[in-house]
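First up is the structure itself, then whatever we jot down about it.
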Amino acid sequence: MLRLSSLNIGWQRWRTHFILTLLTISACFIIHLYTPYADWVYVLTLGCGYLSLSFIVFSLLIGPYKLLHQRRNPVNLDLRRDVGIWAGITGCVHVVCAIAERTRGNIIDLFLRPKTGGAGYDLLLTPGGISNNLGLVATVILVLLLVISNDFSLRRFKGKRWKFLQRFNYLLALLVFIHTVLYQQFSHRERSFILLTIILAVVLLLAQFVGVWLYKTQYAHKHAYPQSQHKH
Ligand code: HEM
Numbered sequence: 005m006l007r008l009s010s011l012n013i014g015w016q017r018w019r020t021h022f023i024l025t026l027l028t029i030s031a032c033f034i035i036h037l038y039t040p041y042a043d044w045v046y047v048l049t050l051g052c053g054y055l056s057l058s059f060i061v062f063s064l065l066i067g068p069y070k071l072l073h074q075r076r077n078p079v080n081l082d083l084r085r086d087v088g089i090w091a092g093i094t095g096c097v098h099v100v101c102a103i104a105e106r107t108r109g110n111i112i113d114l115f116l117r118p119k120t121g122g123a124g125y126d127l128l129l130t131p132g133g134i135s136n137n138l139g140l141v142a143t144v145i146l147v148l149l150l151v152i153s154n155d156f157s158l159r160r161f162k163g164k165r166w167k168f169l170q171r172f173n174y175l176l177a178l179l180v181f182i183h184t185v186l187y188q189q190f191s192h193r194e195r196s197f198i199l200l201t202i203i204l205a206v207v208l209l210l211a212q213f214v215g216v217w218l219y220k221t222q223y224a225h226k227h228a229y230p231q232s233q234h235k236h
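Numbering-wise, our numbering comes out as the position in the sequence shown, counting from 1, plus 4.
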């Protein structure tokens, strides 16, 4: 029988996963209310797309928050890791459903177009093609980050290298924002979705700005008063 303790994650983390599950179900239900006649593949495409974007942003807010309130930002934080795991899961569900929804078996058409008059393919450079290709790069990063979100990878890559890989989160956020805005433009998405995207982008930019500023002032303080580090 599977024992909870054998999975080696405490109640705090189970509670986080429970809340994130409820959030995911609620968001998909809201999308169902928004588009009641759509099939579940479309509901999951849209719901999980926006959830993944929100989870990516939320995970990037935790570092600046910790710096602001606790004056430190540890390499590994359970909450950041768990939110990242859900960003990965919902992102993958979005990709699978988006591909199922948009293609009738020929996935390549989403990303490439046949060369005129010859064999081989070119990159699809229509707005949809650019958006899909950016989404594809984002998916590779998302899966990479999902794969290293565990104790084994943390031990294997050690703190610094693991932190380096985690920084791909910023590139991921940028790619997903562009992908989302492009789709919003040619899907003529309602204002509420556009507003949500703008709020997420502004909050993320402000938090990163505050985070960098706090990091720099702490770094300057550490070098000006190296002794003070040993007194705490
Ligand atoms: C190969 C990778 C990807 C493909 C092919 C893809 C495809 C699509 C498609 C077809 C749509 C439009 C859905 C519709 O309105 O019918 C869409 C929208 C969206 N995607 Fe992706 N996606 C990919 C990766 C991602 C990733 C990794 C994320 C987030 C982490 C993401 C977030 C979103 C969001 C938020 C929307 C909603 C934009 C709107 O309102 O139309 N996508 N994607």
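Built from N, CA and C at the ideal position, the CB exists for glycine as well.
Which term fits ILE111, buried or exposed, when burial requires 16 or more other beta carbons within 10 angstroms of its beta carbon?
Counting Cβ neighbours within 10 Å, ILE111 comes out exposed, since fewer than 16 surround it.
Check each candidate in VAL147, GLY122, ILE145 and PRO118 and name the one with the smallest Cα separation from GLY133.
The residue from VAL147, GLY122, ILE145 and PRO118 with its alpha-carbon nearest to that of GLY133 is PRO118.
How long is the line joining the alpha carbons of LEU199 and GLY121, rounded to whole angstroms?
The straight-line gap from Cα to Cα measures roughly 44 Å.
Where does VAL47 land, buried or exposed, given buried means 16+ other C-beta within 10 angstroms?
That one is buried.
List the DSSP bridge partners of ARG117.
The partner list for ARG117 (beta bridge, DSSP) reads ASP126.
ASN154 (DSSP reduced to helix, strand or coil)
Coil.
Would you call the segment 101 to 111 in contact with the segment 29 to 38, where contact means no fewer than 3 C-beta pairs closer than 8 Å?
Counting C-beta pairs with one atom in each stretch, the segment 101 to 111 and the segment 29 to 38 have fewer than three that are closer than 8 Å, which means they do not touch.
Cα-Cα separation, GLN212 to GLY92:
Rounded to the nearest angstrom, the two C-alpha atoms are 21 Å apart.
Any 3 or more C-beta pairs closer than 8 Å across the segment 177 to 191 and the segment 127 to 146
Output reads yes: the segment 127 to 146 touches the segment 177 to 191.
For a quick check, are the C-beta atoms of LEU55 and THR25 less than 8 Å apart?
Taking 8 Å as the Cβ cut-off, LEU55 and THR25 do not qualify as a contacting pair.
Pull up the distance between the alpha-carbon of SER30 and that of ALA205, whole angstroms please.
So the two alpha carbons sit approximately 22 Å from each other.
With a CB to CB cut of under 7 Å and the five nearest residues on each side skipped, what residues in its chain are close to TYR187?
Around TYR187: SER135.
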